[in-house]
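Novice: In the numbering used here, the protein residues as written are 2 to 122. Ideal Cβ placement from N, Cα and C applies to all residues, glycine included.
1. For residue 58 and residue 79, I'd like the C-alpha separation in whole angstroms.
2. Here's the rule: buried if 16 or more other CB atoms are within 10 angstroms of the residue's CB, otherwise exposed. What is residue 48?
3. Take every Cβ of the region 99-106, pair it with every Cβ of the region 58-67, and state whether three or more of those distances are shorter than 8 Å.
4. Tell me the rounded alpha-carbon separation between residue 117 and residue 29.
5. Please classify residue 55 as buried or exposed, where buried requires at least 16 neighbouring CB atoms within 10 angstroms.
6. Using only alpha-carbon positions, find the residue among 45, 24 and 38 that is nearest to residue 114.
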């Protein structure tokens, strides 16, 4: 009976998907991905470590997250935290609202962490 109530709500999927997405502050997000890039050796290597399986460009989603265009899926963020040896709960302390992610904040963070090559043109 409980499942019927859950599935009867047309928004149940969207809500569960949205709650599984994590937006991090620009500075912390870029710092975390920079550490992942340093350890994995490349954007594609980091994408593979996080479980992305595209043959052509497994790092595409990581790039979109780095640039603040999409949120971290919670399971991928947990993998990144484990990969870097950070407690997941500590990473979640840097969670923010999507509207606080701006191109300017992301640009400043990319410059701060010397990731000039990822600056949008």
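Specialist: The short version:
1. Looking at the backbone, the Cα of residue 58 and that of residue 79 are separated by about 21 Å.
2. Classification of residue 48: buried, given that the 10 Å Cβ count is 16 or more.
3. These segments do not touch.
4. In this model, residue 117 and residue 29 are separated by some 16 Å (Cα to Cα).
5. Label assigned to residue 55: exposed.
6. Measuring C-alpha to C-alpha distances from residue 114 to each of 45, 24 and 38 identifies 38 as the nearest.
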